[in-house]
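Everything in the sequence shown is counted per this note's numbering, starting at 4 for the first residue and increasing by one. Cβ coordinates follow ideal geometry from the N, Cα and C atoms, glycine included. Note that the structure is predicted; figures quoted are calculated from it, not measured.
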Amino acid sequence: MKVCIAEKPSVAREIAEVLGATHKMNGYIEGNGYQVTWTLGHLCTLKEPHEYTENWKRWSLGSLPMIPPRFGIKLISNPTYEQQFKVIEGLMQNAEMVINCGDAGQEGELIQRWVMQKAGCKCPVYRLWISSLTEEAIREGFQGLKEQTQFNKLYEAGLSRAIGDWLLGMNATRLYTLRYGQNKQVLSIGRVQTPTLALIVNRQAEIDNFKPEPYWELKTVYRNTTFSAAKGKFTKKEEGEAFLEIVQQEDFTVTNVTEKKGKEYAPRLFDLTSLQVECNKKYAFTADDTLKLIQSLYEKKVTTYPRVDTTFLSEDIYPKVPNTLKGLVDYTELTAPVLAAKIPKSKKVFDNSKVTDHHAIIPTGVAARNLTDNERKVYDLVVRRFIAAFYPDCDISTTTVLGKVGKVEFKVTGKQILKPGWRVVFGAEQKDPDAEPTEEEGVLPDFKVGESGPHKPTLGEKWTQPPKPYTEATLLRAMETAGKLVDNDELRDALKENGIGRPSTRAAIIETLFKRNYIRKERKNLYPTATGAELIGTIQEELLKSAELTGLWEKKLRQIEKGTYEARTFLEELKQLVGQIVINVLSDQSNHTITIEKTEPETQAEEKEKAKKEKKPRKPRAKKPICPICKKGSILRGKAAYGCSEYKNGCTFRLDYTTYGEGLTDEELIEVIKMMGK
Numbered sequence: 004m005k006v007c008i009a010e011k012p013s014v015a016r017e018i019a020e021v022l023g024a025t026h027k028m029n030g031y032i033e034g035n036g037y038q039v040t041w042t043l044g045h046l047c048t049l050k051e052p053h054e055y056t057e058n059w060k061r062w063s064l065g066s067l068p069m070i071p072p073r074f075g076i077k078l079i080s081n082p083t084y085e086q087q088f089k090v091i092e093g094l095m096q097n098a099e100m101v102i103n104c105g106d107a108g109q110e111g112e113l114i115q116r117w118v119m120q121k122a123g124c125k126c127p128v129y130r131l132w133i134s135s136l137t138e139e140a141i142r143e144g145f146q147g148l149k150e151q152t153q154f155n156k157l158y159e160a161g162l163s164r165a166i167g168d169w170l171l172g173m174n175a176t177r178l179y180t181l182r183y184g185q186n187k188q189v190l191s192i193g194r195v196q197t198p199t200l201a202l203i204v205n206r207q208a209e210i211d212n213f214k215p216e217p218y219w220e221l222k223t224v225y226r227n228t229t230f231s232a233a234k235g236k237f238t239k240k241e242e243g244e245a246f247l248e249i250v251q252q253e254d255f256t257v258t259n260v261t262e263k264k265g266k267e268y269a270p271r272l273f274d275l276t277s278l279q280v281e282c283n284k285k286y287a288f289t290a291d292d293t294l295k296l297i298q299s300l301y302e303k304k305v306t307t308y309p310r311v312d313t314t315f316l317s318e319d320i321y322p323k324v325p326n327t328l329k330g331l332v333d334y335t336e337l338t339a340p341v342l343a344a345k346i347p348k349s350k351k352v353f354d355n356s357k358v359t360d361h362h363a364i365i366p367t368g369v370a371a372r373n374l375t376d377n378e379r380k381v382y383d384l385v386v387r388r389f390i391a392a393f394y395p396d397c398d399i400s401t402t403t404v405l406g407k408v409g410k411v412e413f414k415v416t417g418k419q420i421l422k423p424g425w426r427v428v429f430g431a432e433q434k435d436p437d438a439e440p441t442e443e444e445g446v447l448p449d450f451k452v453g454e455s456g457p458h459k460p461t462l463g464e465k466w467t468q469p470p471k472p473y474t475e476a477t478l479l480r481a482m483e484t485a486g487k488l489v490d491n492d493e494l495r496d497a498l499k500e501n502g503i504g505r506p507s508t509r510a511a512i513i514e515t516l517f518k519r520n521y522i523r524k525e526r527k528n529l530y531p532t533a534t535g536a537e538l539i540g541t542i543q544e545e546l547l548k549s550a551e552l553t554g555l556w557e558k559k560l561r562q563i564e565k566g567t568y569e570a571r572t573f574l575e576e577l578k579q580l581v582g583q584i585v586i587n588v589l590s591d592q593s594n595h596t597i598t599i600e601k602t603e604p605e606t607q608a609e610e611k612e613k614a615k616k617e618k619k620p621r622k623p624r625a626k627k628p629i630c631p632i633c634k635k636g637s638i639l640r641g642k643a644a645y646g647c648s649e650y651k652n653g654c655t656f657r658l659d660y661t662t663y664g665e666g667l668t669d670e671e672l673i674e675v676i677k678m679m680g681k
């Protein structure tokens, strides 16, 4: 039998259907010579510190740094996962070949490889590498299965990332918690989350320390058009008033009129980050919301693989474009003009040199039915970007008019759209989402050189403005470019190599900062909490909190993936860094501690729990899971993790849903806790 192993049951069902496997068994689908099973995401993880040596079970400064001689993996302690793993293990031991059908990316490769290692897979392994879940894509993928060894570097990069995160996270978290934490409150430090937090903290410091300063602008209105003084801002009121006095004495004269025709190109296709940015700007969706929505659209077969960091398509997609456009039946009014002529093949859309594993996010052409309102919003954005890519450029005319009053020069610029081109796809209100308005929209009057007349000058007082707080949209861009504020697409592409985090993980990093109560949100704006600000203030190691320096580490991980950097070297450098951080922190003689702010959701959860107990008489039921750390509290179900009811009094017990699974019964929780104690 050929065993196919996917990441999720839903994906396994799609693959099984195409392969003709129709018999549903316990944990897999069988038929036509195939057995199709799944991993439920991460079934395995790196071992906990105490599983390497008993001495690391107790948190103590003396045991740091913890650097295992060899890293090992373990099955995540969860009855559902254990049961599914037994199924996979049994299938693999009798398989003639295994086909790795995991998500086609670094994380997907790591998940599947760990499971195959743990299951002791000995037979030949092949890789299914596809960008969408349509029947056509799955059939093409199975016709062109690749050798697993082609993806060894991808696995090495994923493994290096996981080990690097373990080394830095485990050691720095224990180090800072023991050295600066209060009441055993865990201070979480991470290779990507800490520099991301630092971006927000540093921005807030800039805002807090900003001292507004006045400046004056000289403008004048001639023929209902506002001209600005070419000199720009006046930092002294007296200087501005002197100029105002001059221009009040004479008429305004037009000295030059230039008209320049140009083109505006359609917005780039979406990568994951730009989609998250657009959804945050337009609909206030969080990065995590958008990732879940676009993942759902991928699993519903209507869009392509979402965890991508390119805005280009490979050239082999070009012949498929007409069929994709024809499949967009709800957009025929927009697709008809494109299909009526030869579809253009622009280098701004198709460029093999800008595509590695996957191309930009585009629709598949499969009819989009049964979408939720929010899925429909995201789908609409993806579809319109795709259609717009094949429309003509927008033709514009930019008019610049120069004028003089005495020796004082003035200027105004206006822009006129001559042919809307791609803009019709988005409607009249659409502007490039990443562009800052620099020119006045609309047509200027017909000015002639030499004409002259009365005008109304004014000197307006304004104040310099502080930087704006980050929103999720601007934070994602900052993570992508290692903290550099960049609007230009080409320059942003160059900086992506040094971005922090990966497109697929940035949303989770931001969510982690919320869960740790390091940041809070007011409307769209992100602010650090006292805990977050003090933590960054306490960390002296630049590499732990600098987006730029962390971006260099990210670049090395990408180089490992490409085979131009050794994983061994990366991990050796990281081990040395961890050792140095431990020495530096232990040398700190200050008695500094970090304020711990309580989260509102925790307080609300407590109140709800208390209200439930007061309202309803307790029914006799099975034994409740007792906290293994404090031995007093019972286990509560929070928004993102299981925790102890005694956390108010300092108990740190926590089991993340991402690791242990959401929705465990009391009996399953008791089993998980027993396993932890072994």
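Pairwise C-alpha distance: residue j and residue i
i: residue 58; j: residue 66; result: 7 angstroms
i: residue 313; j: residue 47; result: 29 angstroms
i: residue 244; j: residue 225; result: 19 angstroms
i: residue 220; j: residue 368; result: 53 angstroms
i: residue 120; j: residue 30; result: 19 angstroms
i: residue 504; j: residue 400; result: 41 angstroms
i: residue 577; j: residue 280; result: 32 angstroms
i: residue 195; j: residue 575; result: 19 angstroms
i: residue 631; j: residue 376; result: 43 angstroms
i: residue 49; j: residue 668; result: 25 angstroms
i: residue 77; j: residue 480; result: 35 angstroms
i: residue 676; j: residue 84; result: 15 angstroms
i: residue 63; j: residue 80; result: 25 angstroms
i: residue 436; j: residue 590; result: Confidence in residue 436 is poor, its pLDDT being 43 and thus under 50, which makes the residue's placement unreliable; the coordinate value appears in the next sentence. Roughly 49 angstroms between the two C-alpha positions.
i: residue 517; j: residue 97; result: 45 angstroms
i: residue 558; j: residue 547; result: 16 angstroms
i: residue 446; j: residue 232; result: 20 angstroms
i: residue 655; j: residue 44; result: 26 angstroms
i: residue 199; j: residue 246; result: 47 angstroms
Span of the beta strand (DSSP E) around residue i
i: residue 400; result: 397–408
i: residue 419; result: 411–422
i: residue 259; result: 255–267
i: residue 76; result: 76–78
Per DSSP, cross-strand counterpart(s) of residue i
i: residue 38; result: 6 and 33
i: residue 523; result: 530
i: residue 466; result: 217
i: residue 232; result: 413
i: residue 456; result: 255
i: residue 683; result: With the chain running from 4 to 681 in the structure shown, residue 683 is simply not present.
i: residue 644; result: 659
i: residue 102; result: 7 and 129
i: residue 637; result: 629
i: residue 353; result: 316
i: residue 150; result: 129
Residue j beta carbon less than 8 angstroms from that of residue i
i: residue 408; j: residue 260; result: no
i: residue 381; j: residue 293; result: yes
i: residue 173; j: residue 95; result: no
i: residue 275; j: residue 311; result: yes
i: residue 396; j: residue 417; result: no
i: residue 511; j: residue 291; result: yes
i: residue 40; j: residue 6; result: yes
i: residue 457; j: residue 251; result: no
i: residue 330; j: residue 370; result: yes
i: residue 203; j: residue 469; result: no
i: residue 570; j: residue 159; result: yes
i: residue 402; j: residue 267; result: no
Residue span of the alpha helix (DSSP H) that contains residue i, given as start and end
i: residue 183; result: 155–183
i: residue 15; result: 12–22
i: residue 83; result: 82–96
i: residue 49; result: That residue, residue 49, is in no alpha helix (DSSP H); its beta strand (DSSP E) goes 47–49.
i: residue 484; result: Note, residue 484: premise wrong, no alpha helix (DSSP H); not H, not E.
i: residue 282; result: 275–286
i: residue 299; result: 290–302
Exercise for the section: Take every Cβ of the segment 522–532, pair it with every Cβ of the segment 460–475, and state whether three or more of those distances are shorter than 8 angstroms. Expected result: yes
Practice task
Report yes or no: do the segment 355–367 and the segment 121–128 share at least 3 C-beta pairs separated by less than 8 angstroms?
Solution key: no
Handout entry: the segment 92–106 contacting the segment 130–137, beta-carbon criterion three pairs below 8 angstroms
Key = yes
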